[in-house]
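Data first, discussion second: the structure below is written as structure tokens.
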Amino acid sequence: QVQLVESGGGLVQPGGSLRLSCAAAKTVFSLLDMGWYRQAPGKQRELVADITRAASTNYADSVKGRFTIPRDNAKRTVHLQMNSLKPEDTAVYYCCAHQGARIDAWGQGTQVTVSS
């Protein structure tokens with residue numbers, strides 16, 4: 845069973861940057877599609893960014909040009925590099941491992957707060 849451990853959340857001022865990391869265990873990481881989702885209070889969980897096992901990426905319109913989702917198959921890790929952060933980016937961020945439409949695992953979530 846895939847296990848995902850996230851790290852890197854925290855408090856940052858508007859305009860700042862954060863880098864989230866998600867490390868996978870007990871899996872052949874290179875075969876997985878990986879995504880980052882977020883959930884703000886009172887809102888549904890939404891897709892932020894996704895990278896397939898072929899390294900094809902997809903981003904929510906709200907983060908295009910600000911966020912990137914690099915993956916390192918050798919280290920079985922996927923990151924979410926977040927730049928030019930805005931208060932509306934405040935949410936709990938979740939890493940997700942999937943194969944197409946099938947969800948294999950979720951991370952535990954990491955809080956990102958953008959505030960002055």
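Using our numbering, the final residue of the sequence shown is 960, and nothing's skipped along the way. The beta-carbon is built from N, C-alpha and C at its ideal position, and this holds for glycine as well. Nothing here was measured: the structure is a model prediction, and the numbers come from that model.
LEU875 is classed as exposed because its beta carbon has fewer than 16 other beta carbons within 10 Å across all chains shown.
The Cβ atoms of TYR937 and LEU864 lie closer than 7 Å to each other.
Our two residues, ALA899 and ILE947, have alpha carbons roughly 18 Å apart in a direct line. With fewer than 16 other Cβ atoms inside 10 Å of its own Cβ, ALA945 counts as exposed.
Counting only runs that start and end inside the stretch 861-885, the beta strand (DSSP E) elements of at least 3 residues fall at 862-869, 877-883.
Nearest neighbour of LEU848 by Cα position, chosen from ALA868, ALA918, ASN927, LEU855, turns out to be ALA868.
Its Cα nearest to that of VAL872, the residue LYS919 stands out among LYS919, ALA935, LEU862. Burial check for LEU855: the Cβ neighbour count within 10 Å stays below 16, so the residue is exposed.
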